[in-house]
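Residue numbers (my numbering): -18 to 249. Using N, Cα and C, we set each Cβ at its ideal position, and we do this for glycine too. Remember, it's a predicted structure, so these values are computed and weren't measured experimentally. Take a look at the structure set out below.
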């Protein structure tokens, strides 16, 4: 083999090696980037948290179901509810009670807390019915029957949303009712009727539905009824702001809406 040929081959080998080095480097980078792109993202949504939700008494049963569904769909998150009349919940918020979200049974109460909450979203609606004892022993058929002074009628206090709705529909029909008691929330009204301590009371339709073994529900025509709206909002003092916002948003999803509507609540 000639010296010239040997020198040419050696030169070619050097050039080839020089070209392979950057190519190998590029190949290594491609592999690294591909691996990074293919790896699954971590998290997605708010971090798991223990949430406390202040909710209107009329949501007691349905929110227990909704809370269980939410926890199942959001592993690691726990939802604790505190139920009371909306006016009581508002007082708790004003007093700085530690909580993450609020759901009231009227927009008036929520509107009075604008400095304490995020933007509110109506998640459901409701209507009133006349609750009577099982079998309706007093044969109550309409709002005007509640004016009978022989009847023991119980209403919610006027500062309670359902009490305010009750007064509104009775006043509109020019019906005067002298209640034997005024209760702090709708469940207390229902309880009086369930226990036989009252012949009738005005409650939400959904509340009467939870006690069909003990009470009868007498429908009130839409033209004489009132529509209760349930707004939900996060609380600005929440220590779990992202998780609270995610829960409030979830209440408007098809899954949550089905739970609410199955319990008798109306679409927002």
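With distances taken between CB atoms, is the gap from residue 124 to residue 154 smaller than 9 Å?
yes
Name the two residues that bound the continuous alpha helix (DSSP H) containing residue 41.
41 to 54
Under 9 Å between C-beta atoms of residue 181 and residue 109
no
With distances taken from CA atoms, which of 214, 175 and 217 is nearest residue 198?
175
For a quick check, are the C-beta atoms of residue 27 and residue 194 less than 9 Å apart?
no
Residue environment, residue 248, which counts as buried when at least 16 other CB atoms sit within 10 Å:
exposed
For a minimum of 3 consecutive residues, which ranges assigned as the beta strand (DSSP E) are wholly contained in the segment 101 to 161?
102 to 114 and 134 to 137
Cross-strand partners of residue 182 (DSSP beta bridge):
112 and 135
Output the boundary residues of the beta strand (DSSP E) element that contains residue 33.
31 to 37
Would you tell me roughly how many angstroms separate the C-alpha atoms of residue 111 and residue 31, rounded to the nearest one?
38 Å
On a Cα-Cα basis, can you pick out the residue from 239, 33, 81 and 39 that is closest to residue 169?
39
For residue 62, which beta-bridge partners are listed by DSSP?
34
For residue 80, count the other beta carbons within 10 Å of its own beta carbon; 16 or more makes it buried, fewer makes it exposed. Which is it?
buried
Rounded to a whole number of angstroms, what is the C-alpha to C-alpha distance between residue 164 and residue 190?
19 Å
Answer yes or no: do residue 212 and residue 41 have a C-beta to C-beta separation smaller than 9 Å?
no
Start and end residues, beta strand (DSSP E) containing residue 212
208 to 215
Sequence-distant residues of the same chain with beta carbon closer than 7 Å to residue 105, five excluded per side:
211, 241, 246, 247 and 249
Look up residue 163 in the DSSP assignment and give the residues it is bridged to.
136
Span of the beta strand (DSSP E) around residue 83:
82 to 84
With respect to the beta strand (DSSP E) encompassing residue 200, which residues constitute its N-terminal and C-terminal limits?
196 to 200
Strictly by DSSP, which residues pair up with residue 242?
According to DSSP, which records beta bridges pairwise, residue 242 is partnered with nothing at all.
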